[in-house]
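Quick note, the sequences are listed as chains X and Y, same order. Just so you know, the first sequence maps onto residues 1 to 97 in this note's numbering. Just so you know, the second sequence maps onto residues 98 to 488 in this note's numbering. Note that the Cβ used here is the ideal one computed from N, Cα and C, for glycine as well. Model, not experiment: these values are computed from the prediction. Remarks on the structure that follows.
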Amino acid sequence: MPKPMEEYKWHELNVGCVVDEVGSARDYKTGGWRSLKPVWEESKCIKCGLCWLYCPDAAIFQKENGYFTANLDYCKGCGICAHECWPRAIKMVEDEK
Amino acid sequence: MKRGIEVSLAAAEAAKLSRVEVVAAYPITPQTHIVEHLSELVADGEMDAVYVTVESEHSAMSACIGAAASGARTFTSTSAQGLELMHETLFIASALRLPIVMAVANRALSAPLSIWNDHSDVMAARDCGWIQLFCENGQEVVDSIIMAYRIAEDNRVLLPVMVNLDGFLLSHVVEPIDFPSQKEVDKFLPDYKPLFTLHPDRPVTMGAYATPELYTEAKFAQEQAILNSLPVIKEVFKDFTNRFKRKYNVVETYNLENSDTVFVAMGSINENIMTAIDELKKEKMSCGLVKIRLFRPFPFSEIASLLEKKKNIIVIDRAMPGGSMNGPVFNEISAVLRRYDVRGELYNYIVGLGGRDVLPDDFISIYDEVTKSKKDKQKLKANYKVIGVRV
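The structure is reproduced here in structure tokens:
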């Protein structure tokens, strides 16, 4: 969206609220929903990528060194990555802001 | 030239004349011959449309929403429980601003199980954001379906339209009906040119999530759309009247001038009220009728000006209030009169539930009760009266 949602007037919305901009979900940062955040312990991580695969928000990405981390703009803190990580390399910790 | 035809079949013929491209319908009870005949027309190759047989009315409306979103001219039809089963999707169709046209053969709701006519089904769906037309006879059904597409698809409107016809009393009777030619309809009804369509070449999102920061604006925009459809509906009615020489107005009247006492009603019952008015005339009594053809958006200022200076206003409802003080049509009229400061005595009669016959004599009795008996008047003013109930 070219401007923040709270600045749109009713007549500025498309008919039927159609979103005609491709990939605009990126502009909606859902990280604010989070109370817990995932933290990786790289010594335990085997770089299997299950966290990346299971993340429902595609918020996890692989760093240059091959280990994983979450983009906290989009991570909702659901904990699915920590649940699926069988070497237990991911812990959900209180996200203090 | 007029042709004798069952009104359900005529409604299907009107959809065909409107060059409908997709029909999605649940084919068994509480369905009518409308979609049955459409399936025949498609199967026989007389109509170039896709006919989707779905597993429920919820799916029927969902399929119509999908088809309309991809840019197709879409039609369906239902009744009673079927309309209630598609209830949640009705709101989606209107909020996505999809110009679907649906014929609803109005019938009673279960329980007790009934297949007969009243307005319980549509009154439960009255605030779903659809434009709603009510028909008095078979000719109006045919004309309304054709006009409904012109209204729905107008870029200034883009809303679904419900064409209401009384179940059995209209849907299953044979009437002489004048069908316009395909050429005339094509001239009146141009191709649907959607603003947005679901197409991989130009991806869009329809039905996205709205946060609290946007939902109010989205619903406000939708409400403006249905309110602003009124002048377009009038314009379409006028154009239809000019081309086809059959007069249509959002509100119509019968013997209204010089009548102190007037009925306000919707649907086929208007014909019986007009017969009653003619009988009263013979006895040198004058009674008028205000016929609401357009129920949503509610033509409030038009109704207010017609009811101004009337002494007795008798509102006919065809559904139980469900715990409200009065029937749903009465509540609308009552709000209009208050808002426009129209002072007349208001009476509410609930008639013809679940297929109970209402004859012209019943309306003459109502007229007598309202105009003559002083005692009952007090009792009547309190609330509503159900005609014919055995007490």
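The alpha helix (DSSP H) runs of length 4 or more contained entirely in the region 195-244 of chain Y are, from start to end of the chain, 217-221.
For chain X, none of the residues of the region 225-247 of chain Y brings a beta carbon within less than 9 Å of one of its beta carbons. The beta-carbon separation of L377(Y) and P277(Y), rounded to 36 Å, does not stay under the 8 Å limit for a contact. The criterion of a C-beta distance shorter than 9 Å is not satisfied by F395(Y) and W10(X). W86(X) and C55(X) have their C-alpha atoms some 15 Å from each other. For the region 274-302 of chain Y, the set of positions with a beta-carbon nearer than 7 Å to some beta-carbon of chain X reads L292, F293, P300, V301 and T302 in chain order. The beta carbon of F231(Y) lies closer than 7 Å to those of N261, M363, G364, I389, R390 and F392 in the same chain, with the five residues before and after it left out. The alpha-carbon separation between P297(Y) and C51(X) amounts to approximately 31 Å.
Taking every protein chain shown into account, the CB of M144(Y) has 16 or more other CB atoms within 10 angstroms, so this residue is buried.
Between the region 238-252 of chain Y and the region 103-112 of chain Y, the count of C-beta pairs closer than 8 Å reaches three or more; the two stretches touch. Judged by their CB atoms, E181(Y) and A208(Y) are not nearer to each other than the 9 Å cut-off. The Cβ atoms of I463(Y) and F337(Y) do not sit closer than 9 Å to each other.
A contact between stretches requires three or more CB pairs, one per stretch, nearer than 8 Å, and the region 132-150 of chain Y fails this requirement with the region 313-327 of chain Y. Assigned with DSSP and collapsed to three states, S383(Y) falls in coil, not helix or strand. Between S167(Y) and F341(Y), the alpha-carbon positions lie close to 31 Å from each other. Counting the other CB atoms within 10 Å of its CB gives W33(X) a total below 16, which places it among the exposed residues. The beta carbon of Y8(X) sits closer than 9 Å to some beta carbon of chain Y. Approximately 20 Å separates the beta-carbon atoms of I400(Y) and V448(Y); this is outside 8 Å, ruling out the contact. For S462(Y), the enclosing alpha helix (DSSP H) has its first and last residue at P457 to T468. When C-beta distances to chain X are compared with 9 Å, the residues of the region 306-317 of chain Y below that value are Y306, A307, T308, E310, L311, T313, E314, A315, K316 and F317, in chain order. In the DSSP secondary-structure assignment, Q62(X) is bridged to F68(X). Out of K44(X), V39(X), N65(X) and C45(X), the CA that lies nearest to the CA of C75(X) is found in V39(X).
Taking the Cα positions, M220(Y) is about 7 Å away from A416(Y). In this structure, K47(X) keeps its C-beta atom at 9 Å or more from the C-beta atom of F61(X).
Among the CB atoms of chain Y, none fall inside 9 Å of the CB of C78(X). In the DSSP secondary-structure assignment, L262(Y) is bridged to A202(Y).
With a cutoff of 9 Å on beta-carbon distance, M92(X) and T308(Y) are scored as not near each other.
About 6 Å separates the Cβ atoms of V467(Y) and T358(Y), confirming a contact at the 8 Å cut-off. Following the DSSP letters along the chain, one finds F360(Y) inside the beta strand (DSSP E) bounded by residues T358 to A362. DSSP places P273(Y) in the uninterrupted beta strand (DSSP E) bounded by V271 to D275.
Under the three-pair Cβ rule at 8 Å, the region 224-238 of chain Y does not count as touching the region 279-298 of chain Y.
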